[in-house]
Amino acid sequence: MRDRDHNGSGGECVEVAHNLPGLVPVRDSKAPEGPALILTAQAWAPSSRRSRATN
């Protein structure tokens with residue numbers, strides 16, 4: 039996983055990988071050994087835009 043995205047001050051943080059063309063794996067940064075949610079890049083785009091707008 040590559041980038042971390044923080045959401046608010048509650049410590050919520052996800053890691054996002056950008057090394058799979060067309061796919062975006064996302065996981066909880068506090069549980070890196072846990073499962074990852076695999077989204078298409080198209081499905082991830084709205085979340086990414088919202089995150090940038092609030093940070």
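Quick note: to get the working numbering, add 38 to the position in the sequence shown (first position is 1). Glycine included, every Cβ here is placed at the ideal spot set by N, Cα and C. Every value quoted in this text rests on a predicted model; they were computed, and no experiment measured them.
According to the DSSP assignment, P59 belongs to no beta strand (DSSP E), since it is labelled neither H nor E. Leaving aside the five residues that flank A81 on each side, none in its chain has a CB nearer than 6 Å to its CB.
Nearest C-alpha to N57 among A83, S86 and A79: A79.
Counting only residues of its own chain and dropping the five nearest sequence neighbours on each side, G60 has a CB closer than 6 Å to the CB of A79.
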